[in-house]
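Structure first, then comments.
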Amino acid sequence: MTAGPLPHTHSSTIRRVGDRMERPVKVMSTLAVELALKSALLPAWRGSGRDVDMEWSPTGVLIDRVRAGARGDVLIAIDQPIAELVEQGVLRAGSVRPVARASFGLGVRRGAARPDISTPERFRAALVSARSVVYSLTGASGIHFQEVMKRLDITETVGSKATVIQAGFTADRVIAGEADLAVQQVSELMSIDGIDVVGPFPGPYQKHTDFSAAVFADSVVPGIAEAFVDHLSDEKAGGVYSRSGLLSRIASAAR
Numbered sequence: 000m001t002a003g004p005l006p007h008t009h010s011s012t013i014r015r016v017g018d019r020m021e022r023p024v025k026v027m028s029t030l031a032v033e034l035a036l037k038s039a040l041l042p043a044w045r046g047s048g049r050d051v052d053m054e055w056s057p058t059g060v061l062i063d064r065v066r067a068g069a070r071g072d073v074l075i076a077i078d079q080p081i082a083e084l085v086e087q088g089v090l091r092a093g094s095v096r097p098v099a100r101a102s103f104g105l106g107v108r109r110g111a112a113r114p115d116i117s118t119p120e121r122f123r124a125a126l127v128s129a130r131s132v133v134y135s136l137t138g139a140s141g142i143h144f145q146e147v148m149k150r151l152d153i154t155e156t157v158g159s160k161a162t163v164i165q166a167g168f169t170a171d172r173v174i175a176g177e178a179d180l181a182v183q184q185v186s187e188l189m190s191i192d193g194i195d196v197v198g199p200f201p202g203p204y205q206k207h208t209d210f211s212a213a214v215f216a217d218s219v220v221p222g223i224a225e226a227f228v229d230h231l232s233d234e235k236a237g238g239v240y241s242r243s244g245l246l247s248r249i250a251s252a253a254r
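All residue numbers for the sequence shown refer to numbering that gives the first Met the number 0, where the first residue is 0 and numbers rise by one.
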C-alpha cells in the first residue's frame, strides 16, 4: 500500500512590526525538526514580534521541490544536499548553521508491548515477527530501512508484508492499526501523540542524519532570514533539540 500527504504549511500575511511592515520569514523544513520547532522555537520567535510561514516536508520531497525551483527564505535539511545547493548558488555561502542530528528508531502504539531491539539479533526478530512494519519511501528513514532489510536478509519476509507510504508520519498508520511497528527518525516518532518509542536501531544498523539551516540566496528578507537561522542555532535551541529526540549540534558548531 502506497499513500502520502502533500507538504503541509502554516500561512501568514504581511504584518506591522513597530513602525514598519514586515512579512513573515518563509521556511522550508524537514519533518525531523518539527517537534523541536513547534514546541518551543517557533513560539519564542513569534513572541519576539516576528512571524514565520512553515512548510513541512519529508527530506526527499523537500529537496526535490527545491531542485525543481521552489524557494523560500530559509531551508532546514540534511547537510549533503544543503552543501550541494550552496555550490549551485541556491543557498548563501556562509549562512549554513548546523542544528541537530537524528537517529532512526521504531515506535509502537501507546500501551502496546515494546519488543526488545537492543541487539542486532533481537532487532531482526522483532521485525520478522511484526504483523506489518510501516516506512516511508521518500523519507531518510525509509530509504535507510530498505538497506537495513537487505543487510538483515529480510527484504522478502518483512518487505512483502510492510505498509509503505509515500510521505508523512509512519506513526499515524500504527495508530490506525495498519501496522505494528513504525520506522522513522526518533524525533518524528515523538511528535505523534499516541506512540511509544521502542528505541533506536542497534549500533550496526543505526545511521545518524545531520541537519543544518541556511538562507536562500534570493531571499527578499535576508536580514530576517539570517536572524531566524541564528535563532535555530543558539544555545537555548540546543536544549530544545535534545528534549525533542534529537542530538544537538550547537556545541560542535563553529561560532
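Note that CB positions come from ideal geometry on N, CA and C, so glycine has one too.
Does the distance from the C-beta atom of residue i to that of residue j stay below 9 Å?
i, j, result
"residue 131", "residue 160", "yes"
"residue 127", "residue 227", "no"
"residue 70", "residue 217", "yes"
"residue 174", "residue 113", "no"
"residue 77", "residue 166", "no"
"residue 106", "residue 180", "yes"
"residue 258", "residue 224", "Examination of residue 258 is not possible in this model, given that the chain is present from 0 through 254 alone."
"residue 129", "residue 82", "no"
"residue 47", "residue 27", "no"
"residue 154", "residue 145", "yes"
"residue 80", "residue 95", "no"
"residue 43", "residue 235", "yes"
Could you tell me which residues DSSP puts in a beta bridge with residue i?
i, result
"residue 164", "135"
"residue 103", "184"
"residue 76", "211"
"residue 97", "211"
"residue 246", "100"
"residue 33", "None; residue 33 has no bridge partner."
"residue 90", "215"
"residue 255", "Lying before the first or after the last residue shown, residue 255 is absent from the chain, which here runs from 0 to 254."
"residue 108", "194"
Tell me, to the nearest whole angstrom, how far the beta carbon of residue i is from that of residue j; I am working on the premise that it is less than 8 Å.
i, j, result
"residue 187", "residue 39", "Actually they do not touch by this definition, with Cβ atoms about 17 Å apart."
"residue 204", "residue 163", "Wrong, their Cβ atoms sit about 19 Å apart, outside the cutoff."
"residue 122", "residue 201", "5 Å"
"residue 208", "residue 100", "7 Å"
"residue 34", "residue 243", "4 Å"
Compare the C-alpha of residue i against each of the options and name the closest.
i, options, result
"residue 169", "100, 156, 183", "183"
"residue 237", "167, 176, 97", "97"
"residue 60", "22, 120, 142", "142"
"residue 189", "230, 245, 89", "245"
"residue 50", "153, 229, 25, 138", "25"
"residue 196", "88, 176, 144, 102", "102"
"residue 240", "220, 211, 225, 221", "211"
"residue 90", "233, 232, 219", "219"
"residue 232", "53, 247, 222", "247"
"residue 194", "117, 124, 104", "104"
"residue 23", "249, 234, 222, 235", "222"
"residue 117", "125, 45, 229", "125"
"residue 176", "147, 151, 111", "111"
"residue 206", "191, 215, 185, 192", "185"
"residue 75", "87, 58, 67", "58"
"residue 52", "157, 21, 119, 88", "21"
Tell me whether residue i, by its Cβ, gets closer than 8 Å to a heavy atom of the ligand SAM.
i, result
"residue 99", "The ligand SAM is not part of this structure, which contains no ligands at all."
Item checked: Runs of alpha helix (DSSP H) wholly within the segment 177-218 (minimum 4 residues, chain order) -> 185-189
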